[in-house]
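Scroll down for the structure; my scribbles are underneath it.
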Amino acid sequence: MRKIPEAVLITAGTKRLGFHLARATLSMGFSVILHFRSSDRHARNWLQRNPRFNGKVFFIRHDLADAPETVIKKSLELPCTLTGLVNNASSFSPGNLTDPGHLRHMFDIHLFVPAHLGAFFHKHVKSGWIINITDAAIGSLNTTWQNYRMSKLFLEELTRQQAVLFAPGCRVNALAPGAILPAAGSSRAAFNALADKIPLRKTGSPASLADAYCFLVKNTCCTGQTIAVDGGWHLVT
Ligand SMILES: NC(=O)c1ccc[n+]([C@@H]2O[C@H](COP(=O)([O-])OP(=O)(O)OC[C@H]3O[C@@H](n4cnc5c(N)ncnc54)[C@H](OP(=O)(O)O)[C@@H]3O)[C@@H](O)[C@H]2O)c1
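Quick note on the numbering used here: the sequence shown kicks off at 17 and runs consecutively.
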């Protein structure tokens with residue numbers, strides 16, 4: 017009898033870091049379900065150049081601001097067995113507590129969406145794992161990025177809380193990238209200059225993040241952990 021492939025749902029998985037994690041997921045033998053909001057072009061172009069992955073990559077378009085559980089429901093209808101969830105979708109914009117609307121937006125995408133997807137995943141999948149993507153540079157006070165930082169700190173706490181609640185069937189961990197890719201609209205030069213502030217004097221690479229990701233996927237004894245992949249940036253921010 018033909019084995020049904022295990023699949024991993026990655027939110028915002030069709031480009032940038034989400035897509036690097038998708039490729040790492042495929043390299044471990046899983047199928048991937050790539051959720052996206054605006055464009056799947058990058059991933060589809062890659063798939064055309066790598067036809068050996070045909071049938072192992074699924075796409076779901078959805079705005080997570082509206083009924084996030086839809087992406088889990090659609091994943092469960094695909095010809096694969098959902099086994100992993102990566103909460104990667106994010107909104108990176110400045111804003112502080114003087115702007116409650118922005119605070120709500122940050123908490124929606126970084127806390128309530130992962131909490132909502134996690135609850136649905138746990139209810140329907142029973143046995144599997146979740147990885148939440150946080151951020152390494154959120155430890156210190158910063159009034160420019162206050163709302164973003166607070167929401168990602170709560171995502172780290174959500175990871176610990178989900179790990180306790182969803183055990184023993186489901187492991188929940190987090191990855192905290194440091195400076196891995198320049199944010200949209202920021203220059204490569206400004207990004208490279210960040211290395212001066214980082215203890216290991218270098219920015220990270222998508223490959224370094226993918227390594228830590230594969231560790232968390234494979235290590236069946238790890239739950240409730242956050243691994244920073246940041247050259248030690250979290251120690252000084
Ligand atoms: N890049 C880094 O070096 C770095 C550093 C620290 C932490 N991180 C974390 O790593 C993860 C990936 O980073 P990245 O730089 O690759 O991300 P990114 O370029 O900021 O992209 C975020 C993605 O989330 C999607 N998204 C936002 N709101 C959504 C919604 N309501 N519904 C559906 N999709 C939504 C966006 O979709 P659209 O394309 O439609 O806008 C976009 O594809 C994020 O969680 C980020 O916080 C990254």
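Where a beta carbon is used, it is the ideal one built from N, C-alpha and C, also for glycine.
Model, not experiment: these values are computed from the prediction.
Going by the DSSP bridge assignment, what does C230 pair with across the sheet?
Paired residues: none, contrary to the question.
Express the C-alpha separation of G117 and G111 in angstroms, rounding to a whole number.
Between G111 and G117, the alpha-carbon positions lie close to 10 angstroms from each other.
Contact between the segment 171 to 182 and the segment 197 to 215 is defined here as three or more beta-carbon pairs at a separation below 8 angstroms; is this criterion met?
The segment 171 to 182 vs the segment 197 to 215: no contact.
Can you tell me which of the three DSSP states G117 falls into?
Annotated three-state conformation of G117 is helix, per DSSP.
Please go through the same chain and pick out, in chain order, the residues whose beta-carbon is closer than 6 angstroms to the beta-carbon of L119, but skip the five residues on each side of it.
Result list for L119: N163, in chain order.
Straight-line Cα distance separating R60 from N70:
If I take the Cα positions, the gap works out to 10 angstroms.
Does the Cβ-Cβ distance between T150 and N189 come in under 8 angstroms?
Cβ distance not < 8 angstroms, so T150 and N189 don't count as in contact.
With a threshold of 16 other CB atoms inside 10 Å of the CB of R165, please say whether the residue is buried or exposed.
Around the CB of R165, 16 or more other CB atoms lie within 10 Å, so the residue is classed as buried.
Does the Cβ-Cβ distance between I146 and F137 come in under 8 angstroms?
In this structure, F137 lies closer than 8 angstroms to I146 by Cβ.
So, is R57 buried or exposed, given that buried needs 16 or more other C-beta atoms within 10 angstroms?
R57 counts as exposed, since fewer than 16 other beta carbons sit within 10 angstroms of its beta carbon.
Do the segment 28 to 40 and the segment 88 to 106 make contact, defined as three or more Cβ pairs closer than 8 angstroms?
Touching, yes, given that three or more Cβ pairs across the two stretches are closer than 8 angstroms.
For a minimum of 4 consecutive residues, which ranges assigned as the alpha helix (DSSP H) are wholly contained in the segment 134 to 207?
Complete alpha helix (DSSP H) runs here, min 4: 162 to 182.
Pick helix, strand or coil for G100, following the three-state DSSP scheme.
Shown here, G100 sits in a strand according to DSSP, grouped into three states.
In this structure, what does DSSP give as the bridge partners for R60?
DSSP, once it has assigned bridges, lists no residue as partnering R60.
At the level of alpha carbons, what is the spacing between S156 and S202?
If you take the alpha carbons of S156 and S202, they lie about 22 angstroms apart.
When you compare each of W62, S167 and P130 to L113 by their alpha carbons, which one comes out closest?
With distances taken between Cα atoms, L113 lies closest to S167.
Taking DSSP as the reference, what is the three-state secondary structure of S224?
In this structure, S224 counts as helix in the three-state DSSP scheme.
Contact under 8 angstroms by Cβ, L25 with K72
No, they are not a contact pair.
Can you grab the Cα-Cα spacing for the pair T159 / M122, in whole Å?
So the alpha carbons of these two residues sit roughly 14 angstroms apart.
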